[in-house]
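Asker: Let me begin by handing over the structure; questions about it come next.
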Amino acid sequence: MAETKSVELLTGNEAVSEAVLRARPDVIAVYPITPSTHIAEMLAQAVEAGKIDAEFVKVESEHSAMATCMGVVAAGGRTFTATAAQGLMYMAENVFWAGYGRLPMVAAVVNRALAPGWSIWVDHQDTMAMRDSGWGQIYAKNNQEAFDSVLQAYKIAENHDVYFPFMVTLDGFVLSHTASEVELLTQEEVDEFLPPFEPMFKLHPSNPMSYGAISLPDEYIALREDLMKSMERAKKVIQDVNDEFAKKFGRDWGGLIEVTGEEDAEVGIVTMSTIAEESEVAAEMLTKEGIPTSVTRVRVFRPFPKEVLVEQLKKYDKIVIIDRSMSFGHAGPLYLETSSAMRELGAIDTKIYPTVMGLGGQDVSYKDIIQRVKSLIKS
Amino acid sequence: MSEERKVHPLLKPVHGAAGRTADWRTQTPKIDYEKCTKCELCWLNCPDDIFSHDEEGYPVIDYEYCKGCLICVAVCPRDAIHFVNESEI
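Protein chains in written order, with the working numbering: chain R, 72 to 450; chain E, -11 to 77.
This is the structure in structure tokens:
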């Protein structure tokens, strides 16, 4: 394990793996799938080489990977898995089980489009399909944020006011296979930031319990009400953990949302992940061209940060919401949720322009964003 | 930490198949001890083991746990067990 703080050239998958190694998991269970495969390889190698004191379970499917992780957390351990697209779909039954079962863990999902047509490239359809699974969702915009968010996600998920699992997502290939500078934290720094997991309850032969047994309607509603309350409480915990991290290590990802550029710009671009980072360049150029623009990045999609988001968005005259996924038969989920939050919280004067970009790995450059914003706000 | 009561999907082992299951019951078996011959078929067939015996060996129903499946009514060779609707009790 690295003893000194260092800056290394890492792909997103490597950055995630380096974070997981420092989080001291007890058990790792991953089934490899493009573009997340390298995470499985790196972690298996680290366990084999004795770099961390963990067990790597070579599962036969993603469904089994999540089943393994659920068992680990139910027994009071810290665990990790990674997947993408079809793998997440195959894992889906247990993704919901872990979320509704209140089993705090962290999974990295390397965003990839769903088949068919067969695609290995990025869009957000896979994780958006899991938005109601009772998991928190943090969308990283670069490799450094992927590293930092994995560590933050453990701390948030294991908080007793939260206590549900989190997925940290990174865009396939754009981040997962592209190397950029990542400042690593030392093991000592991580240990100080992320204490050992303290389970609220765990399965043990001396204290027999049943997990997720039959619930009559009244009990079922109580469970879901608790999940909803926990999601609400998580908003503060996410912000607090982000702020603590920023204070300790000097990197601030905004917590729930991140605003880049002039706050009182005329046009606000609302988007997520790497399109948000690309939008920062687009906004700068649009501002120079006389269209004052700034970017509001939704970093956390679950819980949906409607209060802080609407507070920011009502400062704009016009907002352009760029989705990288689609709810077919309706519209992009980021647009749907943002516009309903604005209506709910009374921000009804802002003109909203929804758009969908970058499905199936279509490259979205700052030029594309500039062109799209201009054509939308003219209409 | 929040003081709110937290609800998680955990169950501790309890007496009975799923705790006190009496409130699942819509129909309630009643034993006619004039007809009962203490053959114990009701005791043998009850899926929830809610029959015990009194001092004379007659079957006694534990109404805290009886779900009202009425298997006992069906198997009694002397028609010594009949049922009444919960709504009529």
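Built from N, CA and C at the ideal position, the CB exists for glycine as well.
Could you tell me how far apart the beta carbons of Ile38(E) and Ile69(E) are, in whole angstroms, since I believe they sit closer than 8 Å?
Answerer: Residue 38(E) sits at position 50 when you count from the first residue of the second sequence. Residue 69(E) sits at position 81 when you count from the first residue of the second sequence. About 13 Å separates the two Cβ atoms, so there is no contact after all.
Asker: Expressed to the nearest angstrom, what Euclidean distance is found between the alpha-carbon atoms of Trp12(E) and Ala184(R)?
Answerer: Position 24 of the second sequence holds residue 12(E). Position 113 of the first sequence holds residue 184(R). Their Cα atoms are separated by approximately 47 Å.
Asker: Mind checking Arg(-7)(E): buried by the 16 CB within 10 Å criterion, or exposed?
Answerer: Numbered from 1 along the second sequence, position 5 holds the residue referred to as residue -7(E). Exposed: under 16 other Cβ atoms inside 10 Å.
Asker: Run the CB neighbour count on Thr14(E), radius 10 Å, all protein chains shown included, and call it buried at 16 or more, exposed below.
Answerer: Position 26 of the second sequence, counted from the start, is the residue given in the question as residue 14(E). Exposed.
Asker: State the Cα-Cα distance for the pair Ser(-10)(E) and Ala228(R), rounded to the nearest angstrom.
Answerer: Taking the second sequence and counting its residues from 1, one reaches residue -10(E) at position 2. Taking the first sequence and counting its residues from 1, one reaches residue 228(R) at position 157. Cα to Cα, Ser(-10)(E) sits roughly 15 Å from Ala228(R).
Asker: In angstroms, rounded to a whole number, what distance separates the CA positions of Ser88(R) and Val180(R)?
Answerer: On the first sequence, residue 88(R) is found 17 positions in, with the first residue counted as 1. On the first sequence, residue 180(R) is found 109 positions in, with the first residue counted as 1. Roughly 12 Å between the two C-alpha positions.
Asker: Around the C-beta of Met72(R), are 16 or more other C-beta atoms found within 10 angstroms, so that it is buried, or is it exposed?
Answerer: For the purposes of this step, residue 72(R) is taken as the residue at position 1 of the first sequence. Residue confidence for Met72(R) is low, a pLDDT of 49 falling below 50, so the modelled location carries little weight; the figure read from the coordinates is stated next. It is exposed - the Cβ of Met72(R) has fewer than 16 other Cβ atoms within 10 Å.
Asker: Identify whether Val253(R) lies in helix, strand or coil by the three-state DSSP scheme.
Answerer: As a position in the first sequence, residue 253(R) is number 182, starting the count at 1. In this structure, Val253(R) counts as strand in the three-state DSSP scheme.
Asker: Nearest chain R C-beta to Pro1(E) closer than 8 Å, yes or no?
Answerer: Position 13 of the second sequence, counted from the first residue, corresponds to residue 1(E). Closer than 8 Å to some Cβ of chain R, the Cβ of Pro1(E) qualifies, so yes.
Asker: Go to Asn313(R), then tell me how far its alpha helix (DSSP H) extends in each direction, as first and last residue.
Answerer: Along the first sequence, one-based indexing puts residue 313(R) at 242. First-last of the alpha helix (DSSP H) with Asn313(R): Pro288 to Phe320.
Asker: Enumerate in chain order the residues of its own chain whose CB-to-CB distance from Thr345(R) is below 7 Å, with the five nearest sequence positions on each side excluded.
Answerer: Position 274 of the first sequence, counted from the first residue, corresponds to residue 345(R). Closer than 7 Å at the Cβ level, and outside the excluded window around Thr345(R), lie Lys212, Asp242, Val245 and Leu246.
Asker: What does Ala284(R) touch in chain C if you count any residue whose Cβ is under 9 Å from its own?
Answerer: Annotation note: the requested chain C is absent from the structure, which comprises protein chains R and E.
Asker: State yes or no: is the beta carbon of Glu52(E) nearer than 8 Å to at least one beta carbon in chain R?
Answerer: On the second sequence, residue 52(E) is found 64 positions in, with the first residue counted as 1. Not closer than 8 Å to any Cβ of chain R, the Cβ of Glu52(E) fails to qualify, so no.
Asker: Return the residue from the list Ala402(R), Ala138(R) and Arg149(R) that minimises the CA-CA distance to Pro266(R).
Answerer: Here residue 266(R) is taken as the residue at index 195 of the first sequence, counted from 1. When each option's Cα is compared against that of Pro266(R), the closest is Arg149(R).
Asker: Between the region 265 to 281 of chain R and chain E, which residues of the former have a C-beta closer than 8 Å to a C-beta of the latter?
Answerer: Listed in sequence order: Met271, Phe272, Pro279, Met280 and Ser281.
Asker: Within 10 angstroms of its Cβ, does Tyr291(R) collect 16 or more other Cβ (buried), or is it exposed?
Answerer: Mapped onto the first sequence, residue 291(R) falls at position 220. Per the 10 Å Cβ criterion, exposed.
Asker: Decide if the region 81 to 97 of chain R is in contact with the region 217 to 224 of chain R; the criterion is three or more beta carbon pairs, one per stretch, under 8 Å apart.
Answerer: Flag = yes, the region 81 to 97 of chain R and the region 217 to 224 of chain R touch.
Asker: Grab me the residues of Gln215(R)'s own chain with a C-beta within less than 6 Å of its C-beta, minus the 5 sequence neighbours each way, in chain order.
Answerer: Reading the first sequence from its first residue, position 144 is the one you call residue 215(R). These residues qualify, in order along the chain: Val253.
Asker: Assign Asp394(R) to one of three DSSP states: helix, strand, or coil.
Answerer: Position 323 of the first sequence, counted from the first residue, corresponds to residue 394(R). Reduced to three states, the DSSP call for Asp394(R) is strand.
Asker: Between Lys(-6)(E) and chain R, is there a C-beta pair that is closer than 8 Å?
Answerer: Taking the second sequence and counting its residues from 1, one reaches residue -6(E) at position 6. Taking Cβ atoms only, chain R reaches closer than 8 Å to Lys(-6)(E), which makes this a yes.
Asker: Between Gln442(R) and Ala336(R), what straight-line distance do the alpha-carbon atoms span, to the nearest angstrom?
Answerer: Counting from one through the first sequence, the residue named residue 442(R) turns up at place 371. Counting from one through the first sequence, the residue named residue 336(R) turns up at place 265. If you take the alpha carbons of Gln442(R) and Ala336(R), they lie about 18 Å apart.
Asker: Who are Ser40(E)'s beta bridge partners in DSSP?
Answerer: Translated into positions along the second sequence, residue 40(E) becomes position 52. Beta-bridge pairing links Ser40(E) to Val48(E).
Asker: Answer with yes or no whether the minimum CB distance from Gly172(R) to chain E is below 8 Å.
Answerer: Looking up residue 172(R) in the first sequence gives position 101. It does: the Cβ of Gly172(R) has a partner Cβ on chain E nearer than 8 Å.
Asker: Ile340(R) and Val444(R) look like a contact to me (Cβ under 8 Å); what is the Cβ gap, rounded to whole Å?
Answerer: Translated into positions along the first sequence, residue 340(R) becomes position 269. Translated into positions along the first sequence, residue 444(R) becomes position 373. The pair is a contact, with the Cβ atoms about 7 Å apart (cut-off 8 Å).
Asker: Does the distance from the C-beta atom of Leu327(R) to that of Lys306(R) stay below 8 Å?
Answerer: The count along the first sequence starts at 1 and reaches residue 327(R) at position 256. The count along the first sequence starts at 1 and reaches residue 306(R) at position 235. The answer is yes: Cβ separation under 8 Å.
Asker: Can we say the region 202 to 212 of chain R touches the region 419 to 428 of chain R, given the rule of at least three CB pairs closer than 8 Å?
Answerer: Touching, no.
Asker: According to DSSP, what are the bridge partners of Asn73(E)?
Answerer: Here residue 73(E) refers to the residue found at position 85 when the second sequence is read from its first residue. BP columns for Asn73(E) point to Gln15(E).
Asker: For Trp31(E) and Pro47(E), which I take to be in contact (beta-carbon distance under 8 Å), what is that distance rounded to the nearest angstrom?
Answerer: For the purposes of this step, residue 31(E) is identified with residue 43 of the second sequence, where counting begins at 1. For the purposes of this step, residue 47(E) is identified with residue 59 of the second sequence, where counting begins at 1. With a Cβ gap of about 6 Å, Trp31(E) and Pro47(E) count as contacting.
Asker: Could you check where the beta strand (DSSP E) with Ile285(R) kicks off and where it finishes?
Answerer: Taking the first sequence and counting its residues from 1, one reaches residue 285(R) at position 214. That residue, Ile285(R), is in no beta strand (DSSP E); it is neither H nor E in DSSP.
Asker: Report the option in Ala6(E), Lys23(E) and Pro(-3)(E) whose CA atom is closest to the CA atom of Glu52(E).
Answerer: Locating residue 52(E) in the second sequence gives position 64, counting from the first residue. Ranking the options by Cα distance to Glu52(E), first place goes to Ala6(E).
Asker: Check whether the region 352 to 368 of chain R touches the region 397 to 404 of chain R, taking contact to mean three or more Cβ pairs, one atom from each stretch, closer than 8 Å.
Answerer: With a cut-off of 8 Å, the region 397 to 404 of chain R and the region 352 to 368 of chain R do not count as touching, because too few Cβ pairs lie within range.
Asker: With a threshold of 8 Å between beta-carbons, can Asp203(R) be considered close to chain E, or not?
Answerer: Counting from one through the first sequence, the residue named residue 203(R) turns up at place 132. So, not an interface residue.
Asker: I think Glu133(R) touches Thr105(R), with their Cβ atoms under 8 Å apart; what is that distance to the nearest whole Å?
Answerer: For the purposes of this step, residue 133(R) is identified with residue 62 of the first sequence, where counting begins at 1. For the purposes of this step, residue 105(R) is identified with residue 34 of the first sequence, where counting begins at 1. At roughly 13 Å, the Cβ-Cβ gap does not stay under 8 Å, so Glu133(R) and Thr105(R) are not in contact.
Asker: Quick one: Cα of Thr364(R) to Cα of Gly431(R), how far?
Answerer: Residue mapping note: residue 364(R) aligns to position 293 of the first sequence, counting from 1. Residue mapping note: residue 431(R) aligns to position 360 of the first sequence, counting from 1. Going from the Cα of Thr364(R) to the Cα of Gly431(R) covers about 27 Å.
Asker: Examine the ligand SAH and report whether any of its heavy atoms sits within less than 7 Å of the Cβ of Asn278(R).
Answerer: For the structure depicted, the ligand SAH is absent and the ligand set is empty, with no information on it obtainable.
Asker: Could you tell me which whole beta strand (DSSP E) segments of length 3 or greater appear in the region 371 to 442 of chain R?
Answerer: Qualifying beta strand (DSSP E) stretches, in chain order: 371 to 373, 389 to 394 and 422 to 427.
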